[in-house]
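Numbering (my numbering), first residue to last: 601 to 773.
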């Protein structure tokens with residue numbers, strides 16, 4: 601796959617930013633959702649107010665979880681999902697079985713079967729608050745390999761023929 605990174609000129613950004621620190625998710629029940637993050641997803645959490653907590657897993661970026669001010673919330677669109685990495689395809693399959701097993705307890709729904717797509721093996725589910733999650737197999741460092749490859753031409757990693765470098769992907773190969 602050809603890259604176009606060599607032809608890109610370095611541009612000085614307008615904003616002088618240091619770090620992507622957080623994303624925000626809404627929930628209906630702070631106590632339940634905090635337990636879900638800790639007991640099911642394995643995040644470390646800290647209560648920051650009656651209506652919010654912070655959650656982190658594997659790094660310094662956090663998710664700020666806030667109680668929704670409204671009684672209704674639209675489901676998170678599929679493409680806006682949150683990705684959680686595991687190291688092997690077997691771990692994706694094991695996580696899928698756990699999601700199926702615990703779906704009723706945690707209000708999990710719209711659970712997809714594991715598939716190979718965008719160069720990885722993964723599945724999706726929505727939580728009780730209609731936030732979308734992807735469990736995927738990625739090498740250590742997550743998607744840092746994409747930056748090492750540089751810009752891709754054409755369909756890039758969306759191509760069914762895309763080969764990740766030093767991939768853990770064996771299914772669909």
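Don't be surprised by glycine CBs; every beta carbon is placed ideally from N, CA and C. Predicted, not measured: the structure shown is a model, and the values here were computed from it.
Which one of 708, 670, 734 has the shortest CA to CA distance from residue 693?
-> For the purposes of this step, residue 693 is taken as residue 93 along the chain shown, with counting starting at 1. Ranking the options by Cα distance to residue 693, first place goes to 734.
So, residue 712 versus residue 736, is the Cβ gap smaller than 8 Å?
-> As a working note, residue 712 is residue 112 in the chain shown. As a working note, residue 736 is residue 136 in the chain shown. Cβ atoms of residue 712 and residue 736: not closer than 8 Å.
Is the Cβ-Cβ distance between residue 665 and residue 655 less than 8 Å?
-> Locating residue 665 in the chain shown gives position 65, counting from the first residue. Locating residue 655 in the chain shown gives position 55, counting from the first residue. In this structure, residue 665 places its C-beta atom within 8 Å of the C-beta atom of residue 655.
C-alpha distance - residue 632 paired with residue 608, whole-angstrom precision | Within the chain shown, residue 632 is the residue found at index 32, counting from 1. Within the chain shown, residue 608 is the residue found at index 8, counting from 1. Near 47 Å, if we compare the C-alpha coordinates of residue 608 and residue 632.
Nearest residue (CA-CA) to residue 678, options 716, 670, 730, 702 | The residue you call residue 678 lines up with position 78 of the chain shown. Among 716, 670, 730, 702, the Cα nearest to that of residue 678 is on 730.
Find the nearest neighbour of residue 640 within the set 618, 616, 707, 742, judged by alpha-carbon distance.
-> Indexing the chain shown from 1 puts residue 640 at position 40. Cα-wise, what sits closest to residue 640 is 707.
Note down, in chain order, each residue of its chain lying with its Cβ closer than 6 Å to the Cβ of residue 602, except the 5 sequence neighbours on either side.
-> Numbered from its first residue, the chain shown carries residue 602 at position 2. Caution is warranted here: a pLDDT of 46 is assigned to residue 602, below 50, making its placement in the model unreliable, and the coordinate value is therefore given only provisionally. For residue 602, where only same-chain residues beyond five positions count, the Cβ hits under 6 Å are 753.
My guess is that residue 624 and residue 689 are in contact by the Cβ rule of under 8 Å, so how many angstroms apart are they, rounded?
-> For this step, residue 624 is matched to residue 24 along the chain shown. For this step, residue 689 is matched to residue 89 along the chain shown. That belief does not hold up - the Cβ atoms of residue 624 and residue 689 are roughly 31 Å apart, past 8 Å.
Pick helix, strand or coil for residue 725, following the three-state DSSP scheme.
-> Residue mapping note: residue 725 aligns to position 125 of the chain shown, counting from 1. Of the three classes helix, strand and coil, the one that applies to residue 725 here is strand, per DSSP.
Cα-Cα separation between residue 618 and residue 704, rounded to whole angstroms = Reading the chain shown from its first residue, position 18 is the one you call residue 618. Reading the chain shown from its first residue, position 104 is the one you call residue 704. Cα to Cα, residue 618 sits roughly 41 Å from residue 704.
DSSP-derived helix/strand/coil call for residue 744 = Taking the first residue of the chain shown as position 1, residue 744 is located at position 144. Residue 744 falls in the helix class under three-state DSSP.
Under three-state DSSP, which class holds residue 656?
-> Start at 1 with the first residue of the chain shown, and residue 656 comes out as number 56. DSSP places residue 656 in strand when its eight states are reduced to three.
Does residue 748 have its Cβ less than 8 Å from a Cβ in chain B?
-> Looking at the structure shown, chain B is missing, and only one protein chain is on hand.
Close-in-space but distant-in-sequence residues of the same chain around residue 647 (CB under 6 Å, 5 per side omitted) | On the chain shown, position 47 is the one that residue 647 refers to. Closer than 6 Å at the Cβ level, and outside the excluded window around residue 647, lie 653.
Please state whether DSSP places residue 667 in a helix, a strand or coil.
-> Numbered from its first residue, the chain shown carries residue 667 at position 67. If DSSP states are grouped into helix, strand and coil, residue 667 belongs with the strands.
Can you tell me whether DSSP reads residue 661 as helix, strand or coil?
-> Taking the first residue of the chain shown as 1, we reach residue 661 at position 61. Note: residue 661 maps to coil in three-state DSSP.
Through-space distance from residue 751 to residue 614, alpha-carbon basis = For this step, residue 614 is matched to residue 14 along the chain shown. For this step, residue 751 is matched to residue 151 along the chain shown. Rounded to whole angstroms, residue 614 to residue 751 spans 21 Å at the Cα level.
Delimiting residues of the beta strand (DSSP E) encompassing residue 645 | Translated into the one-based positions of the chain shown, residue 645 becomes position 45. Element bounds for residue 645: 644-649.
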